[in-house]
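Worksheet: one structure, shown below.
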Amino acid sequence: TYTNFVNLLDMCGIAVPTGKRDDDLPMSVTLLAAAGKDALTATLASELHAASGLGLGATGWAMPAFAAKSFDPADDLIELV
Numbered sequence: 284t285y286t287n288f289v290n291l292l293d294m295c296g297i298a299v300p301t302g303k304r305d306d307d308l309p310m311s312v313t314l315l316a317a318a319g320k321d322a323l324t325a326t327l328a329s330e331l332h333a334a335s336g337l338g339l340g341a342t343g344w345a346m347p348a349f350a351a352k353s354f355d356p357a358d359d360l361i362e363l364v
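Next comes the structure, spelled out in structure tokens:
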């Protein structure tokens, strides 16, 4: 899934893997939000990815344990891991 167009529209977006289709191909969802809502979008994406039970991309590595974090709407920074 591509999110380039979102930047051109002054929005934020993130593609999140959500599982596999019946034909074993990957599927995903793209979350979009208004400009400045990056932390909220990343938090939702992290929770959705953790709930999918998938690993980290094509690496085969397991997802680290998910620790729910509270979201402060006034916070305009996100932690990069």
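Numbering of the sequence shown is given in my numbering, commencing with residue 284 and proceeding in unit increments. Beta carbons: idealized from backbone N, C-alpha and C, even for Gly.
(1) Looking at G338 and W344, is the spacing between their C-beta atoms short of 8 Å?
(2) DSSP on L308, reduced to helix/strand/coil?
(3) For R304, I'd like the list of residues in its chain whose CB is within less than 6 Å of its CB, leaving aside the five on either flank, ordered along the chain.
(4) Less than 8 Å between the CB atoms is what I'm expecting for L315 and M294, so what's the real figure, rounded?
(5) List the residues that DSSP assigns as beta-bridge partners of A322.
(6) Please return the same chain residues whose Cβ sits closer than 8 Å to the Cβ of I297, not counting the five positions on each side in sequence.
Once the coordinates are examined:
(1) Indexing the sequence shown from 1 puts residue 344 at position 61. Indexing the sequence shown from 1 puts residue 338 at position 55. Yes, these two residues count as a Cβ contact at 8 Å.
(2) Stepping through the sequence shown from its first residue, residue 308 is reached at position 25. For L308, the three-state secondary structure derived from DSSP is coil.
(3) By 1-based counting over the sequence shown, the position of residue 304 is 21. The beta carbon of R304 lies closer than 6 Å to those of M310 in the same chain, with the five residues before and after it left out.
(4) Stepping through the sequence shown from its first residue, residue 315 is reached at position 32. Stepping through the sequence shown from its first residue, residue 294 is reached at position 11. Yes, L315 and M294 are in contact; Cβ-Cβ is about 6 Å, under 8 Å.
(5) One-based indexing of the sequence shown puts residue 322 at position 39. Beta-bridge pairing links A322 to no other residue.
(6) Taking the sequence shown and counting its residues from 1, the one referred to as residue 297 is at position 14. Cβ neighbours of I297 beyond the five flanking positions: T286, T313, L314, T324, A325, A328.
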